[in-house]
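Heads up: the structure comes next, in structure tokens.
So this is what it looks like as structure tokens:
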């Protein structure tokens, strides 16, 4: 911490002394015994002068100032309150300091003071010095710090500490010294400015002082002393051209700013550091703490608030990521974007300071315009992302053409044109209510009860309220807030009566878009939040009129703002801000305990919102672009339900609308609550937050379902509203699950009416997702069956009768019919044998219908389900046979054939296997094809049934399989055992082995040899040296097959000879062939 370098030049005229040297400054304010000595006129005057006048002006005004007067002015010039010292020492750069109050510099300084660690305190003029000893710790040795503080007009203007701490605000040692002076001023040795003391010395005394000073500090002072002496002895030196000499203890000059010490370099450095680390949670928290510190300064009317905010803004504008994001078209991080909003709002408060001077406002305006003109300045509704710009769609003739170019500073620039000189505004700020009855005759300035009104753009008027609060004018802010709320209420009643009196058809023709394009919820100035906070954060609850309280006013304006029909803004960030601001307001409302007064406010406002037409988002006329009211209506519903259930359901059901998703506009009588009014050119806006809005709509519906449990009429009404207004299958499914959980709660018997609602919603989901792809479809089907089981047999029978409108054939057989026929379902339903048989018949009928419609996927399930019913089983088998020649693949036929064999129907299995073989086609190189196992199984089955069956299947094998290794494997298996050995029907030739020289094996043998020959030539066409070894092994297998023929050896030799002649160019390969086979 460096002390300010510039010191005032002092050259004092001589004057006498009427005070003893060393007299204590605090002696005049002492008291004796129980009698308190009244404050002297000298102290009263000195205190006032010390607060307002720089000491130089005092010296210039009076030719001679008595020493006692100087002492009292110097005494009273030090800050007398600990509040500012705390403010300037309660923010640390570390996250642990912000999280642990005990580690704040102010708390540490208090501990040092109370521990007696402050010593050698001396006040010389306007300079305080002392030593602060920081005790040793297990990890750190004892630290002795020399601390000095300069002050002027009750403000600390410069600090220096030997601890070397680098932070925005004061260290604990400066705090300890300052508090020592505040709490124990009588213990501080007080001297006049050093220039006054030097003036009283003669030449010998001055020389002795200088020589002693050099002797004590010769290593530090001697070079400087010699340099100064040389310059003084030189007549033409610069030092001799100046009258007087600087005195660091003489106080401030007339031209010095009177403000508390703020280390600007540290502010800039730390903000820059926090911005560079903005991806971390801690840095964002620290930046918010800096903004909080600015607010604290503004509230205390400290000029450093604006000064500090300027430093912060410069660093924000210099953030290198702004240029990068603009070039790349990348959106800012949300938490970083919120910091920019906070920055713009704070500047709005600063320029609207009612005590702001014209030159200050001009200086700020120049700054704001400079920042606003920079290319990287973020826009108010989002940022410079190309996606934001390209996705923006014009809103028609009512849209502001410049709205897309408004930056975060535009509103503050516009606010610089506002003033506080309006006489009516001054009256509002000066008194709660105008008692003059004559003033009440003007209905534009006062309401019928005499309370003043303030007609101004509501967000702007609320910005005034916020500015008053921010600068510590709490009472004035409260008065203006009451006037603004009364004005809003009066305008609401005007709009309400206008809508009720005009013909609705005329209104429909004349109003083609949302009446309020700039909604108050989500507005950059947060007007509703400002009014609510102003009216509720006042420590004392004030009764305004006829029992009306500030809290009631706050609730009423919040309900008006939240219920306002407003257009959905363009851009992702702006839409997210609308949702976030709404949730913040509702969170504040939920903290209030509803008494009878507030319940009446809820009833009144809810009734108005329902009947307010186009001015209300809950009115009869709803525009396609309007922000939905689901979240707000859910709060109203839960709040009103214990007091007025009918009104609660009415408002919630009205809010279920989602016009942006309606495919066509409703027609008919305008009095219908669902009537939608088209927006300009039927524009479909891009709603980035649509999924969030739909989830809120779902939450509202779920809340109503929960509350309506046990009331059949209410449940039916809610169900119809859900079916009409919710368009997302996933959300309807969630509601169905919620209703099911509520209905089957463990604390009571199942609610059959609510179960039926859950079932109806589930059926709607099935119909919505039947022809679309949904990854949760199987889960939905299983859940629906479970729900139908809970409802009863009639529900299960119904979904099976109407399965084609709800399920695919695969779902109906594999899930629905299978579950219905399971033992667990029968046990759960508690049905008798007749009902059980009826369910089974319905399930089998369902399975057969599905098998007929989709035999490829449902035939096996149908066969399984119909096993216990011979007629149904035969029907299912016939369906398979009919489909085998048309649509079913060999894989499906093989699967069913294996099933038949497993169930004890080998001839049917054989029949299906031969049908499958007709569809099979394996080429010479498909020796790992998944169908090979099925081919081997089919041949084994045919072989086990007898020679005739095998003879029938071998031609199919020869036709469909061209892979030599597979054919040789089949041939080998057929020669191991005689045919019919495992057949169910005994045959006479069962003990005879089949001959390879006769049919059917001869045909298979010839086909196998031919396949080997063809495969050999195919392989040799594109063979590489690395496959030579594999090829030799392939020839070995081929030789085994050749040798099955009586002259096989000669045939194989001739085959090899042909290879050597045809492929004689492949010398290495042919050499390997000779080595192996000769």
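Residue numbers (our numbering): 7 to 1084. C-beta atoms are modelled at their ideal positions from N, C-alpha and C, and glycine is treated no differently.
The segment 106-164 contains, as complete alpha helix (DSSP H) runs of 4+ residues, the segments 111-120 (chain order). In the DSSP annotation of this structure, the continuous segment of the alpha helix (DSSP H) that includes residue 914 starts and ends at 912-923. Of the residues 560, 967 and 527, the one whose Cα lies closest to the Cα of residue 537 is 560. If you look at residue 196, you'll find it in the beta strand (DSSP E) that goes 195-197. Residue 949 has its alpha-carbon roughly 13 Å from the corresponding atom of residue 917. A direct Cα-to-Cα measurement between residue 248 and residue 362 gives close to 37 Å. Residues 605 of the same chain have their beta carbon placed closer than 7 Å to that of residue 649, with the five preceding and five following residues left out of the count.
Here residue 193 is exposed: its Cβ has fewer than 16 other Cβ atoms, across all protein chains shown, within 10 Å. For residue 251, the three-state secondary structure derived from DSSP is strand. Note on geometry: alpha-carbon atoms of residue 845 and residue 958 lie some 43 Å from one another. DSSP places residue 715 in no alpha helix (DSSP H); its state is neither H nor E. DSSP places residue 44 in no alpha helix (DSSP H); its state is neither H nor E.
Assigned with DSSP and collapsed to three states, residue 1048 falls in helix. For residue 615 and residue 823, the gap between their C-alpha atoms comes out near 51 Å. Contact check for residue 725 against residue 766 passes: the beta carbons are separated by less than 7 Å. By the Cβ neighbour-count rule, residue 187 is buried, with 16 or more other Cβ atoms within 10 Å of its own. Around the Cβ of residue 260, a 10 Å sphere holds fewer than 16 other Cβ atoms; the residue is exposed.
Per the coordinates, the alpha-carbon of residue 924 lies some 51 Å from the alpha-carbon of residue 741. Counting only runs of 4+ residues, the alpha helix (DSSP H) found wholly inside the segment 596-667 occupies 602-617, 636-646 and 651-661, in chain order. Contact annotation, residue 149 with residue 140: C-beta distance approximately 4 Å; criterion of less than 8 Å satisfied. The three-state reading of DSSP puts residue 75 in helix, counting H, G and I together. The alpha-carbon separation between residue 309 and residue 708 amounts to approximately 53 Å. Residue 452 sits in a strand when the DSSP states are folded into three classes. The beta carbons of residue 456 and residue 414 sit no closer together than 7 Å. The Cβ neighbour count for residue 632, taken over all protein chains shown within 10 Å, is at least 16; the residue is labelled buried. When the Cα atoms are used, residue 865 and residue 856 turn out to be separated by approximately 8 Å. By the criterion of at least three beta-carbon pairs nearer than 8 Å, the segment 196-203 is in contact with the segment 116-132. In the structure shown, residue 554 adopts extended strand secondary structure according to DSSP, grouped into three states. Separation of residue 421 and residue 608 (C-alpha to C-alpha, rounded to the nearest whole angstrom) is 34 Å. When secondary structure is reduced to three states using DSSP, residue 527 falls in the coil class, being assigned neither helix nor strand.
Taking the Cα positions, residue 621 is about 13 Å away from residue 565. Assigned with DSSP and collapsed to three states, residue 1079 falls in helix.
Taking residue 837 as the centre and dropping the five residues before and after it, the same chain places the C-beta of 799 and 845 closer than 8 Å to its C-beta, in chain order.
Bounds of the alpha helix (DSSP H) holding residue 739 are 735-749. Rounded to the nearest whole angstrom, the CA to CA distance from residue 488 to residue 157 is 41 Å. Checking the DSSP bridge columns, you'll see residue 570 partnered with 622.
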